[in-house]
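Here the protein sequences line up with chains A and B, keeping their order.
Each step along the first sequence adds one to the number in this note's numbering, with nothing skipped, and position 132 is 132.
Whatever position you read off the second sequence (first residue = 1), add 1000 for this note's numbering.
Ideal Cβ positions, reconstructed from N, Cα and C, are used throughout, including at glycine.
All of these numbers come straight from a predicted model, not from anything done at the bench.
Encoded as structure tokens, the structure appears first; notes follow it.
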Amino acid sequence: MHILLIEDDNDAASYLIKGLKESGHVIDRASDGEEGLFMALDSNFDILIVDRMLPKLDGLNLIKKVREDKNDTPIIILSALGEVGERVKGLKHGADDYLAKPFSFSELLARLEALNRRNLPDSSSSLLEVGDLKLNLLSRRVEREGEEIDLQPREFKLLEFLMRRPNQVVTRTMLLEGVWEYHFDPQTNVIDVHISRLRSKIDKPFKGKQMLFTERGAGYALRYNE
Amino acid sequence: MNNPFNLASFRLIFIYTLLLSVSFGFVLMFLYFTSARDIQIEADQKIVNKVEEINRVYLRGREKGLYNYVRGQISRPTLNIYRLYNGNNEFLAGNIPEPTNLKINEDGWVEFTFKMNVNRVEETYYGRGIVVPFENLRLLVGRVVNNEIKLKERFFYSSLWSLLLIIFLGIFGGYILSRNFLKRISDINKTSKNIMDGNLSERLPTTKGKDELNQLSSNLNEMLDKLDSLMTSMREVTDNVAHDLRTPLNRIRSNLEVTLMSNPDIEQYKKSIDEAILETDNLIKTFNSILSISRVESGTSDLERKPINLENLILDLVDLYEPIAEAKNIKLSSEVEKEIFIDGNMNLLSQAIANLLENAINYGSSSDKPFITLGAKKNEESISLWVSDNGEGIKDSDKKKVLNRFVRLDSSRSLKGSGLGLNLVNSAVKFHNGSLKLLDAKPSGLIVLIEIPVS
């Protein structure tokens, strides 16, 4: 991915650049809002990472101006203001995602990946297919290797969320926000238990390869190889 | 500031007095003019009657008779005035001396003064009359109007004095009232200065009355109380942060330092760094919890309130926690009435109940057949929400303590946790104007009962 990082803190920026390069991305950096706006409008990026508080032009106004220019590059905000209200404000200004500092790097990577995939043309068909796993959104039937799998409504939603992001790392927070719409951190490993339940239904009974993987220190991914 | 004339209250009273005086003045003026006119009309009528009588005298006795009539009036004690002149304007007869200051009004009435000795004292008299013309004679017929003039004057001056009295009483009374008011204000000022100087426990003086000043003082006192409790909780946070975050920070630091000392291989490095990341993640979680608790408690956060369907909220939470409860062989069930709505913050309430569920799952599952019930029902004026378990419960002596920040009971120290869970629940309940009770379940266990008033 070609990413523009707009961040005024040099140390934070250098860690991010190093980490993102390590993960195979190409990074440009702007150190204030005006420079960031200029660069964002001047060339085509896959994603903008915008710090909320920036000198010269703050993050929210920068995003507003980018959107006013009919530029719909996916934008993720990084901010020390982590409340739900602030998050809503950020999304209202035209951002696509909001990550509160301090965040884990894997969380950022997973969200960047999700944003980038969202930009791909999405088939609006009612059938999701990942490998030999099929999920029908209308009949709400799930099958693998042609055999029907009986899922609870929430398990169905969880699987749908994963199947819309095949071969992508999905963090626990993303699952909690996307499937349950909660914006707080549980102190227990609730998500893990849900995943292992789902795994026992879609992986264990089948001879085929494992699909639902745990990504250490990051989250989960539904994987298959062609 | 000590000059009452500068006070708003005094200015108000002054303006009020002025308005009152002006309107009162108008009323008095109206009264004065109407009564003065009535007095005048009455006096004039008497003169007109006299003129008619004189006309009859003339008709009967002609000029001779008229002359005799006037001569007959001389030296008779009367208020009537007669002066007879001939065609050449020469004085013939009359009962008063030569009038002075003669003034003829447009309507034909004549006003004049004259001096006369009564009981050897010369006095000035005021007269009013009409000149009645006959063939060769002219007769001034009139009356002494001293009494009427005196009456009018007395009326005028008494009106003037009462007006002055009103103005004086208004201003003087206003001054006294303002000074009283000022004294109370300056008391408030003095106390405020004291408080600003750091005497934070002092409160403004209040009396038993219910006037505005008293209300102001009570409101300010309430504000001070609120600020005081905020300050206390802020101080607690700072103390707690200092105390309770040092321990994990110290762990991280020693872990990294020791790793460096022991010539480690790459695997050991990885392990240490992983541990450090885990510790920092926990620290971040704790920080976030402290922050959200403080924000909720300070009331400064813009947490939105909207109607929440409690049934949905509870079923969603049961849905989230049921698998982990099942994994620990805990039976998690719900008892919820349908159609319960409260005005509140969805995220905060969900998190609070989630914390209670996690507490019950982590600390309340010591029995053989552990179960947790999450319930909600509607009462007449409130909504009850409860989480109950059949674990060991909490000792009465610990019940008050557990709601505070960073409190972890000895029995739970070995388990993971920040000691902030119940504290957040408590803040969330306060945010919804509710109350939280920790009750004992029979035969054992804990019931956390939340009651939120229906607005």
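Backbone CA spacing between residue i and residue j [nearest angstrom]
{"i": "Tyr1321 of chain B", "j": "Lys1430 of chain B", "result": "25 Å"}
{"i": "Leu1163 of chain B", "j": "Tyr1016 of chain B", "result": "14 Å"}
{"i": "Ser196 of chain A", "j": "Met1223 of chain B", "result": "52 Å"}
{"i": "Ser1397 of chain B", "j": "Leu1438 of chain B", "result": "12 Å"}
{"i": "Ile149 of chain A", "j": "Glu113 of chain A", "result": "29 Å"}
{"i": "Thr214 of chain A", "j": "Leu222 of chain A", "result": "9 Å"}
{"i": "Tyr220 of chain A", "j": "Phe105 of chain A", "result": "15 Å"}
{"i": "Ser229 of chain A", "j": "Arg144 of chain A", "result": "Within the shown structure, residues of chain A are numbered from 1 to 226, placing residue 229 of chain A beyond reach of any answer."}
{"i": "Ser139 of chain A", "j": "Leu162 of chain A", "result": "18 Å"}
{"i": "Arg1071 of chain B", "j": "Phe1033 of chain B", "result": "38 Å"}
{"i": "Met1116 of chain B", "j": "Ala1093 of chain B", "result": "16 Å"}
{"i": "Phe1209 of chain B", "j": "Val1296 of chain B", "result": "As written in the sequence, residue 1209 of chain B is Gly, which differs from the Phe given in the question. Those two C-alpha atoms are separated by around 35 Å."}
{"i": "Gly90 of chain A", "j": "Lys1442 of chain B", "result": "49 Å"}
{"i": "Pro55 of chain A", "j": "Leu48 of chain A", "result": "17 Å"}
{"i": "Ser1075 of chain B", "j": "Leu1084 of chain B", "result": "15 Å"}
{"i": "Ala1352 of chain B", "j": "Arg154 of chain A", "result": "22 Å"}
{"i": "Asp1244 of chain B", "j": "Gly1421 of chain B", "result": "15 Å"}
{"i": "Leu1424 of chain B", "j": "Arg165 of chain A", "result": "34 Å"}
Exposure of residue i, with buried meaning 16 or more beta-carbon neighbours within 10 Å
{"i": "Asp1389 of chain B", "result": "buried"}
{"i": "Val170 of chain A", "result": "buried"}
{"i": "Pro186 of chain A", "result": "buried"}
{"i": "Thr173 of chain A", "result": "buried"}
{"i": "Leu1266 of chain B", "result": "Per the sequence presented here, residue 1266 of chain B reads as Ile, with Leu not at that position. Exposed."}
{"i": "Asp96 of chain A", "result": "buried"}
{"i": "Thr1286 of chain B", "result": "buried"}
{"i": "Trp1161 of chain B", "result": "exposed"}
{"i": "Leu1012 of chain B", "result": "exposed"}
{"i": "Thr1191 of chain B", "result": "buried"}
{"i": "Asn1147 of chain B", "result": "exposed"}
{"i": "Ser1427 of chain B", "result": "buried"}
{"i": "Val179 of chain A", "result": "buried"}
{"i": "Met211 of chain A", "result": "buried"}
{"i": "Glu235 of chain A", "result": "In the structure displayed, chain A extends from 1 to 226; residue 235 of chain A sits before or after that span and is not available."}
{"i": "Leu16 of chain A", "result": "buried"}
{"i": "Met1346 of chain B", "result": "buried"}
{"i": "Asn167 of chain A", "result": "exposed"}
{"i": "Arg111 of chain A", "result": "buried"}
{"i": "Ser1350 of chain B", "result": "buried"}
8 Å Cβ cutoff, residue i in contact with chain A
{"i": "Tyr1016 of chain B", "result": "no"}
{"i": "Asp1356 of chain B", "result": "The question names Asp, but residue 1356 of chain B is Leu in the sequence shown. No, no contact with chain A."}
{"i": "Tyr1321 of chain B", "result": "yes"}
{"i": "Ala1327 of chain B", "result": "yes"}
{"i": "Asn1390 of chain B", "result": "no"}
{"i": "Lys1190 of chain B", "result": "no"}
{"i": "Asp1316 of chain B", "result": "yes"}
{"i": "Ile1324 of chain B", "result": "yes"}
{"i": "Arg1295 of chain B", "result": "yes"}
{"i": "Leu1385 of chain B", "result": "no"}
{"i": "Lys1331 of chain B", "result": "no"}
Test: residue i CB closer than 8 Å to a CB of chain B
{"i": "Thr214 of chain A", "result": "no"}
{"i": "Arg199 of chain A", "result": "no"}
{"i": "Phe184 of chain A", "result": "yes"}
{"i": "Lys92 of chain A", "result": "no"}
{"i": "Thr188 of chain A", "result": "yes"}
{"i": "Arg67 of chain A", "result": "no"}
{"i": "Gly83 of chain A", "result": "Correcting the residue identity first, residue 83 of chain A is Glu in this sequence and not Gly. True, the Cβ-Cβ gap to chain B drops below 8 Å."}
{"i": "Val142 of chain A", "result": "no"}
{"i": "His25 of chain A", "result": "no"}
{"i": "Ala102 of chain A", "result": "Checking the sequence, you will find Pro at residue 102 of chain A rather than Ala. Chain B contact via Cβ: present."}
{"i": "Arg223 of chain A", "result": "no"}
{"i": "Arg154 of chain A", "result": "yes"}
{"i": "Val193 of chain A", "result": "yes"}
Item checked: Length-filtered (4 minimum) alpha helix (DSSP H) runs lying within the stretch 1007–1090 of chain B -> 1008–1073
Note to self: Taking contact to mean 3 or more Cβ pairs, one atom from each stretch, closer than 8 Å, check whether the stretch 1365–1380 of chain B and the stretch 1417–1428 of chain B are in contact.
What the structure shows: no
Check: What are the uninterrupted segments assigned as beta strand (DSSP E) that are 3 or more residues long and contained completely in the stretch 71–96 of chain A, given in chain order?
Finding: For the stretch 71–96 of chain A, whole beta strand (DSSP E) runs of length 3 or above, ordered along the chain, are 75–79.
Item checked: Cβ contact (3+ pairs, closer than 8 Å) linking the stretch 1201–1214 of chain B and the stretch 1178–1190 of chain B -> The stretch 1201–1214 of chain B, when compared against the stretch 1178–1190 of chain B, does touch it at the 8 Å Cβ threshold.
Next item on the list: Determine, using beta-carbon pairs with one atom in the stretch 1185–1197 of chain B and one in the stretch 1016–1034 of chain B, whether at least three such pairs fall under 8 Å.
Entry: no
Next item on the list: Count the CB pairs spanning the stretch 1247–1255 of chain B and the stretch 1275–1294 of chain B that are closer than 8 Å, and state whether there are at least three.
Entry: yes
Notebook entry, point to check: Below 8 Å, can you find three or more Cβ-Cβ pairs linking the stretch 1107–1115 of chain B to the stretch 1020–1030 of chain B?
Noted result: no
Item checked: Sequence ranges, beta strand (DSSP E) only - wholly within the stretch 1283–1361 of chain B, length at least 3 -> Qualifying beta strand (DSSP E) stretches, in chain order: 1306–1309, 1331–1336 and 1341–1344.
Notebook entry, point to check: Below 8 Å, can you find three or more Cβ-Cβ pairs linking the stretch 1291–1299 of chain B to the stretch 1313–1329 of chain B?
Noted result: no
Notebook entry, point to check: Should the stretch 1118–1131 of chain B be regarded as contacting the stretch 1040–1051 of chain B, the criterion being three or more beta carbon pairs within less than 8 Å?
Noted result: yes
Item checked: Inter-stretch contact at 8 Å, needing at least 3 Cβ pairs: the stretch 40–52 of chain A / the stretch 123–135 of chain A -> In short, these stretches do not touch, since the Cβ pair count stays below three.
Notebook entry, point to check: Whole alpha helix (DSSP H) runs in the stretch 1198–1282 of chain B with 4 or more residues, listed along the chain?
Noted result: 1212–1261
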